[in-house]
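Student: Please see the structure below; I have some questions.
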Amino acid sequence: QVTLKESGPGILQPSQTLSLTCTFSGFSLSTYGMGVGWIRQPSGKGLEWLANIWWDDDKYYNPSLKNRLTISKDTSNNQAFLKITNVDTADTATYYCARILFVNWFAYWGQGTLVTVSS
Amino acid sequence: DVVLTQTPSTLSATIGQSVSISCRSSQSLLDSAGNTYLYWYLQRPGQSPQLLIYLVSNLGSGVPNRFSGSGSGTDFTLKISGVEAEDLGVYYCMQATHAPNTFGAGTKLELK
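Protein chains in written order, with my numbering: chain A, 2 to 120; chain B, 982 to 1093.
Okay, here's the thing in structure tokens:
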């Protein structure tokens, strides 16, 4: 059974660094063709893709967030991570992680974690 | 970036009615290997999105066969043949052919 669960700080202040963790089970990020992506959704709005990391450690980022994103993984502990530097109120959103397997993009999602940026 | 335009933005339907949602891309989503990375997701109220359709027309695992996807190039359609109450929510198309991945703005399906 595939499950994913996001965790984060809940609330942080502008200019701080947001650190998110995706803890998953039922698959391994060392399996050929496997990947994990991060997607966010401001309240009442649409979905925005942020980044993917693949089994071979290939990484892809949304250029709209310029150089603020860093994605990484800990294969032995079944976790993926996303850091967003220099946050502001526009980064307030629910953040999801989701699994990719070959062409099956985001077939499994976590429940999401709400992050609020406020001074 | 590829822009995906979904129409309509809101769709009112009765139970049992068949409905269609359009997703038009600003560029062809056919890649050089002959794959078209167009996906459909449903987000029910208060829930995470779930995959309905992958690669234009392939049903996701456990997805009822009243859902179907079609299209090619820049024009794609999701059809629900006989809406059920559990189908209410927001439908999103997504493309993964061109970086960065992009989502459509969503189509809200509500009861008439």
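Built from N, CA and C at the ideal position, the CB exists for glycine as well.
CB-CB under 8 Å to Ser35 of chain A, same chain, minus the five flanking residues each way: which ones, in chain order?
Tutor: A quick correction: the sequence has Met, not Ser, at residue 35 of chain A. Excluding positions up to five away in sequence, the list reads Phe28, Ser29, Trp55, Trp56, Arg100, Ile101, Leu102.
Student: Given Tyr1020 of chain B, which residues of its chain have a CB within under 6 Å of its CB, disregarding the five upstream and five downstream residues?
Tutor: The residues are Tyr1035, Met1075.
Student: With 7 Å as the C-beta to C-beta threshold (strictly closer), list the residues of the region 82–106 of chain A near chain B in chain order.
Tutor: The residues in question are Tyr97, Val104, Asn105, Trp106.
Student: Answer yes or no: do Gly1054 of chain B and Thr1017 of chain B have a C-beta to C-beta separation smaller than 9 Å?
Tutor: Yes, they are a contact pair.
Student: What in chain B is Cβ-close to Trp50 of chain A, meaning under 8 Å?
Tutor: Result: Met1075, Pro1081, Asn1082, Thr1083, Phe1084.
Student: What does Gly111 of chain A touch in chain B if you count any residue whose Cβ is under 8 Å from its own?
Tutor: Correct list: Ser1029.
Student: With distances taken from CA atoms, which of B:His1079, B:Val1037, B:Leu1069 is nearest Ser1007 of chain B?
Tutor: When each option's Cα is compared against that of Ser1007 of chain B, the closest is B:His1079.
Student: What residue from A:Thr24, A:Gln112, A:Asp92 has the CA that sits closest to Ile12 of chain A's CA?
Tutor: Of the listed residues, the one whose Cα sits closest to Ile12 of chain A is A:Asp92.
Student: Which two residues bound the contiguous beta strand (DSSP E) that contains Trp55 of chain A?
Tutor: Unbroken beta strand (DSSP E) run through Trp55 of chain A: 49–55.
Student: List, in order along the chain, the chain B residues whose C-beta lies closer than 7 Å to that of Tyr61 of chain A?
Tutor: Ordered by position in chain B, the residues that pass the 7 Å Cβ test against Tyr61 of chain A are Ala1080.
Student: Determine the burial state of Glu1067 of chain B: buried for a count of at least 16 other Cβ atoms within 10 Å of its Cβ, exposed for fewer.
Tutor: Its Cβ having fewer than 16 others within 10 Å, Glu1067 of chain B is exposed.
Student: In chain order, what residues of the same chain lie with their CB nearer than 6 Å to the CB of Gly25 of chain A, ignoring the 5 residues before and after it?
Tutor: Just to set this straight, residue 25 of chain A is Phe in the shown sequence, not Gly. So the qualifying residues of the chain are Leu5, Asn79.
Student: Is the shortest distance between the beta-carbon of Ser8 of chain A and the beta-carbons of chain B less than 9 Å?
Tutor: It does not: the Cβ of Ser8 of chain A has no partner Cβ on chain B nearer than 9 Å.
Student: Skipping 5 residues on each side, what residues in its chain have a beta carbon closer than 8 Å to that of Gly1041 of chain B?
Tutor: Cβ within range, chain order: Gln1031, Leu1032, Leu1033, Ile1034, Tyr1035.
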